[in-house]
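K.L.:
This is the structure, below, for whatever I ask next.
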DNA sequence: TGTATCCATAAGGATATACTTATATAATGA
DNA sequence: TCATTATATAAGTATATCCTTATGGATACA
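Residue numbers (the numbering used here), protein chains in the order written: chain E, 1 to 114; chain S, 115 to 228.
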């Protein structure tokens, strides 16, 4: 699916949003697998409010979307984000972060709702 | 020429640098044609020190390089920047800014050293 | 030599950013 | 109903960022 090409001001705003290592990590991770807040807290060794505030910025522009499952809220890339292609071409150039989720899994800290 | 793929922290720092509309504009423009400081001042309608400070940030990480010609200092993309591919894939997705230089040309404000 | 132009740098201030702690909301389960 | 867990939000703070004004250095030219 082809999305819109951003003008230069829009692109700068998107890059500023991605120009934080926590948010870039979140976006890369949810581009590979959906994930809930407490997992990010573990992955980034940050407080829960700090993570929530980064997620809010990503959600406010529509780059990620949330879906509640019981107590947990899972975040994923929003497939209808207007500039998704732009973001994808950026994040596909950085290394996969799947190993981080695998580390969580090995520690038995992965959240699973079945 | 293939350059290095950035790790996620490095990528975040690069994106933060590009996440400013003035710097992103500068990088896009010098990726298309070298340009001197006074032209950026005209293009962005900013003070000369403000432009110089953005250029310094870009120069400090090695993304742009300068070459003096008489009074003028011309800036261009540094072809030996280690993460040039990463930056190129970002900026090739935003619209060409050549029209801005053409507007300068039409106003007789383009600097030319022959 | 003096002056004008181009550019860099320093210092200061207003605002933005990213965290902290405290608290509120929502769902779960005893 | 009450306690627990997951998450969001509010308020405060330290620092970063981006501009401003002032000034200095380098080059060109009369």
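The beta-carbon is built from N, C-alpha and C at its ideal position, and this holds for glycine as well. Given the structure is predicted, the values throughout are model-derived calculations rather than measurements.
(1) Under 7 Å between C-beta atoms, does residue 114 of chain E make it to chain S?
(2) For residue 20 of chain E, which residues from the same chain have a beta carbon less than 8 Å from its beta carbon, with the 5 sequence-adjacent residues on both sides left out?
(3) What whole-angstrom Cβ distance do residue 132 of chain S and residue 138 of chain S have, given they're in contact under 8 Å?
(4) Could you confirm whether any beta carbon from chain S is found closer than 7 Å to the beta carbon of residue 90 of chain E?
(5) Quick check: the stretch 33-50 of chain E against the stretch 66-78 of chain E, are at least 3 beta-carbon pairs closer than 8 Å?
(6) Leaving aside the five residues before and after residue 228 of chain S along the sequence, list all residues of the same chain whose C-beta is less than 7 Å from its C-beta, in chain order.
(7) Rounded to whole angstroms, what's the CA-CA distance from residue 219 of chain S to residue 136 of chain S? Just pull it up for me.
(8) Using the Cα positions of residue 211 of chain S and residue 162 of chain S, report the straight-line distance between them to the nearest angstrom.
(9) Taking the beta carbon of residue 120 of chain S as the centre, do at least 16 other beta carbons fall within 10 Å, making it buried, or is it exposed?
(10) What do you get for residue 50 of chain E, buried or exposed, if any count of 16 or more other CB atoms within 10 angstroms of its CB means buried?
(11) So with Cβ pairs under 7 Å, would you call residue 207 of chain S a contact of chain E?
(12) Residues of chain E with CB closer than 8 Å to the CB of residue 132 of chain S, please, in chain order.
(13) At the 7 Å Cβ level, is residue 62 of chain E part of the contact set with chain S, yes or no?
P.N.:
Considering the structure as presented:
(1) Within the first chain, numbered from 1, the residue matching residue 114 of chain E stands at position 114. With a pLDDT of only 46 at residue 114 of chain E, under the threshold of 50, the placement of this residue in the model should not be trusted; the figure read from the coordinates follows. No, its Cβ sits nowhere closer than 7 Å to a Cβ of chain S.
(2) Counted from its first residue, the first chain places residue 20 of chain E at position 20. Answer for residue 20 of chain E: 54, listed in chain order.
(3) For the purposes of this step, residue 132 of chain S is identified with residue 18 of the second chain, where counting begins at 1. For the purposes of this step, residue 138 of chain S is identified with residue 24 of the second chain, where counting begins at 1. Residue 132 of chain S to residue 138 of chain S, Cβ: 5 Å. Contact.
(4) As a working mapping, residue 90 of chain E is identified with position 90 in the first chain. Output row for residue 90 of chain E: interface = yes.
(5) yes
(6) One-based indexing of the second chain puts residue 228 of chain S at position 114. Confidence at residue 228 of chain S is low in this model, with a pLDDT of 48, below 50, so the placement of that residue is unreliable and no value is reported for it.
(7) On the second chain, residue 219 of chain S is found 105 positions in, with the first residue counted as 1. On the second chain, residue 136 of chain S is found 22 positions in, with the first residue counted as 1. About 20 Å.
(8) For the purposes of this step, residue 211 of chain S is identified with residue 97 of the second chain, where counting begins at 1. For the purposes of this step, residue 162 of chain S is identified with residue 48 of the second chain, where counting begins at 1. C-alpha separation (whole angstroms): 20 Å.
(9) Taking the second chain and counting its residues from 1, one reaches residue 120 of chain S at position 6. So residue 120 of chain S ends up on the buried side.
(10) If you number the first chain from 1, residue 50 of chain E lands on position 50. Exposed, by the Cβ-count rule.
(11) As a working mapping, residue 207 of chain S is identified with position 93 in the second chain. Chain E contact via Cβ: present.
(12) As a working mapping, residue 132 of chain S is identified with position 18 in the second chain. Going along chain E in sequence order, the residues near residue 132 of chain S (Cβ under 8 Å) are 12, 15 and 19.
(13) The count along the first chain starts at 1 and reaches residue 62 of chain E at position 62. Chain S, which has no Cβ nearer than 7 Å to the Cβ of residue 62 of chain E, makes this no.
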